[in-house]
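What follows is one structure encoded as structure tokens, with my remarks underneath.
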Amino acid sequence: MIAKVIVDIPVKETDRPFDYKIPLEFESFIQPGMRVLVPFGPMKRLGFILSIEKQSEIKNLKAISQVIDPTPVLTTELLSLGKWLSAETLCPRLFAFSAMLPAVLKGNYKKIVRINDKESLARDYPTLLDILLNKPEMEWTELLKKEPQQSDSLNAAMKKGYISIIQWIKNDRRTYKRIRYITTALSKDELMDVSSKLDKRSLKQKQVLEYFINQESHLKVEITEILKRLNIGPSSIKQLVKKGYLVETTEEVYRDPYADKEIERTTSLPLTTTQKNALAPIQESIRSQTHEVFLCHGVTGSGKTEVYLQAIEKILNMGKEAIVLVPEIALTPQMVHRFKGRFGDEVAVLHSGLSQGEKYDEWRKVLEGTVHVAVGARSAIFAPFKNLGLIVIDEEHETSYKQEEQPRYHARDVAIFRGKYHQCPVVLGSATPSLESYARAKKGVYHLIQLLERVNQRSLPEVQMVDMREELRANNHSMFSKQLFEKLQDRLEKKEQSVLFLNRRGYSTFVMCRDCGYVVQCPHCDISLTYHRKQGMLKCHYCGHQEPYPSRCPECMGSHLRYFGTGTQRVEEELTKVLPEARVIRMDVDTTQRKGSHEKLLTAFGEGKADILLGTQMIAKGLDFPKVTLVGVLAADAMLHLPDFRSSEKTFQLLTQVSGRAGRDKLPGEVIIQSYSTEHYSIIHASNHDYQSFYDQEMQMRYRHHYPPFYYLAMITLSHTQVTKVVDTAEKIADHLKKGLSSGAQILGPTSSAIPRIKDRYRYQCMVKYKREPNLLSLLKRIQEHYPTGTKNDDLKITIDLNPFLMM
DNA sequence: AGCACGCCGACT
DNA sequence: GTCGGCGTGCTC
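Here the working numbering is used: the first residue of the first sequence is 14, the next is one more, and so on.
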């Protein structure tokens, strides 16, 4: 028997199956989708079994050395999904597989020193031996770094053969949480007998026996429980176990990140007529087991989630499974509670806040079939269910569903692949659907479902626009307009809460010299440095470079340096100046770095411990605070002028979403949008809650400029340390494209990227706009093969992104 | 990725 | 004349 194996080396040269003999002892249980250890050249590597065959074309096959998994970690479906994904996104198949699995299952390769001849080593290089014995699994390069004075001895010992370097694969980093229990086979009388025979000094042991005598029955007890109860160390129990009076057992458990949270169970809410009408076609698709994509356009507060929940309920009753995707930032405790509350232990939650072990356990619950619903961010789309009945993608327009590294996939495309495979519906939900999806729905490719009224007839908040140019003319130079300031004051008096939203992108705090206009740039990237007040440092957000805030301008040596832009920190400062009595919670990358701090801040705000919540993107989504009656957007047009054809769409989506945060409960909400471009259609339509008009106008723009959804895009980005090399290659590639594609395709560029240099590498890009190019994938693949790209710093790098979301 | 093979420069 | 640089090429 032969196995076709993809070997764990993520370069295109090895991105093909290799054949291996299956040793007799593995034949009975080996299956596709299992990971194996195989010899590859001089090394041993992990690999994924694609298939098992009778024979092979290749002679002199090597044999699989080890089978790692007792059961497959990739289902047949996921194996073929991996093949499709690597073909569609032009990435090695290994990357596709890795994206589907939790991080703990990835191979961990190390080179370590093995001692061959301990005696000689002890004689000739005793200090070296000491070090090696102390740190037996130390990585070889690490060892050289930490013990540079030993490098001579190391080399000499190596030459003499006392030691050698071997490759070490921690092929299984799976960790299991185990609970240790203590129990006893003895009866109470026997225990008392034992206790009386113990040495007088064994007080602690007697205590332990006492504890068991007083137990109701011979139940097993958690060891930590006993230690805590009796306030003793583990040694006395160990003694008793050793003597055979007590028995220790261990049991493997899932780590449950939500174990210590009490979540109240909920039941289905009665649906409004609109909700019922929305649910009906989805249920029909479920019932008839046909694949269909639904676009559920529901305004904020229209009760989309309840529709999802009841569709899932139906799935569970049929014994099937469901995946629910939510954007990472919307994966708030509030959202999780809703699903846990309805389905309890049926739900696995997968998001970046979990530890590696926790993620593995949640994933394992899916694989082992102990849960039937997976709620998670983008990568949860790969949840290894075998009997999928429904996939929901909430906030469908979110750009975080597109992965920006290999494999550059969009969760929506994967969802549709899986939906077709399982013949089940895919539901895309949004208050502000992406133009691509809405256009498809209008064409009838997707089934459009509308939920255009809020439940309980609550009205959408009133939105007021403020032209900041007029504020300037009225001599108001603060970042708060008169209207916003007055309303903030008003809420403060009424003891109601406000949310202030700052879109920091495009508005970071850069440092400029007021004498000569010099802006402090990163020495490695063509981008200005961002000022971090707390540390008094300037940092580059692309390469991590940092330097102290200069006292003089590096250009003209003038001393009039000043930081510009409106970071959240600056808003906070100004807020405390103008409204000193207001209690402010600031939420941005700086204040939410630590695990759990995100949740803590939100809980504090929810409990009314602050009057104003000030934050970036992350506060725009999914928050539901009844006492918030005012939402202020400080700079609505901040990202309108980014070099991205989706900037209007993003602005519209963000404004709509932020506005939805106001007036979630009985109190009516108000929204103030400050902007320098009040006449821009995305801002006007957002303030009128008018998706349709925005869609129509934006579609005209996309049509005129040949952008999606009228055209598809493919972006090729090259980078190299030398400009000439990049430009040359980019031009050659553009030529290839022009020759290989039809006249209907447009090739733009090569031009320098929006950020022309990152980490000392120059960046050029080519964009292809096309409608139908059946040859595009194979042409791009040939280009990829033709221009060797290495991983060393001075190698050329080519990235190909189909349907890019990041235009830089 | 990691290693061998292989073809050109400064040295015992 | 050799040791060693790292440029291609292969790994079932």
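Glycine included, C-beta positions come from ideal geometry on N, C-alpha and C. A quick note: this is a predicted structure, and the numbers were derived from the prediction, not measured.
In summary, residue 400 is exposed, with fewer than 16 beta-carbon neighbours lying within 10 Å of its beta-carbon over all protein chains present. According to the DSSP secondary-structure assignment, residue 181 is paired through a beta bridge with 123. For residue 583, the closest alpha carbon among the candidates 116, 753, 628 is that of 628. A residue is called buried once 16 or more other Cβ atoms fall within 10 Å of its Cβ, and residue 687 is buried on that count.
Within the model, the alpha-carbon separation for residue 180 versus residue 128 is close to 13 Å. Going by C-alpha positions, residue 42 is about 17 Å away from residue 60.
Taking a C-beta distance under 8 Å as the contact criterion, residue 296 and residue 272 do not qualify as a contact pair. Looking at 46, 48, 76, the one whose alpha-carbon comes closest to that of residue 37 is 76. When beta bridges are read from the DSSP output, residue 774 appears opposite 771.
Here the C-alpha atom of residue 818 lies approximately 32 Å from the C-alpha atom of residue 643. A distance below 8 Å separates the beta carbons of residue 226 and residue 201. Just measuring C-alpha positions, the residue of 673, 421, 551, 467 sitting nearest residue 475 is 673. Looking only at 780, 801, 802, the smallest Cα-Cα distance to residue 820 is reached by 780. If you draw a straight line from the Cα of residue 171 to the Cα of residue 25, it comes to about 34 Å. Between residue 625 and residue 597 the beta-carbon gap is near 5 Å, inside 8 Å, which marks them as a contact.
Distance from the Cα of residue 493 is smallest, within the candidate group 591, 388, 669, 68, for 591. Approximately 5 Å separates the beta-carbon atoms of residue 352 and residue 388; this is inside 8 Å, confirming the contact.
Within 10 angstroms of the beta-carbon of residue 661 lie 16 or more other beta-carbons, which makes it buried. Scanning its chain for C-beta atoms nearer than 8 Å, with the 5 sequence neighbours on each side dropped, one finds around residue 247 the residues 236, 240, in chain order.
Residue 328 carries a helical assignment under DSSP once its states are collapsed to helix, strand and coil. Counting only runs of at least 3 residues, the region 368–392 fully encloses the following beta strand (DSSP E) elements, listed from N- to C-terminal order: 386–389. DSSP lists 34 as the bridge partner or partners of residue 76. Inclusion of residue 441 and residue 309 in the CB contact set at 8 Å is warranted, their separation being smaller than that value. Between residue 729 and residue 813, the C-beta spacing is below 8 Å.
Of the residues assessed, residue 696 falls on the buried side of the cut-off, its CB having 16 or more other CB atoms within 10 angstroms. Residue pairing by DSSP places residue 335 opposite 386, 403 in a beta bridge. Distance check between residue 266 and each of 711, 425, 378 places 378 closest, using alpha-carbon atoms only. If you look at residue 163, you'll find it isn't in any beta strand (DSSP E); DSSP assigns it neither H nor E. Its Cα nearest to that of residue 499, the residue 684 stands out among 356, 684, 120. The alpha-carbon of residue 621 is positioned some 9 Å away from that of residue 508.
Three or more beta-carbon pairs drawn from the region 737–750 and the region 785–800 are found closer than 8 Å, and the two stretches are therefore classed as touching.
Assigned with DSSP and collapsed to three states, residue 346 falls in helix. For a cut-off of 8 Å, the C-beta gap from residue 47 to residue 20 is around 14 Å, too long to register as a contact.
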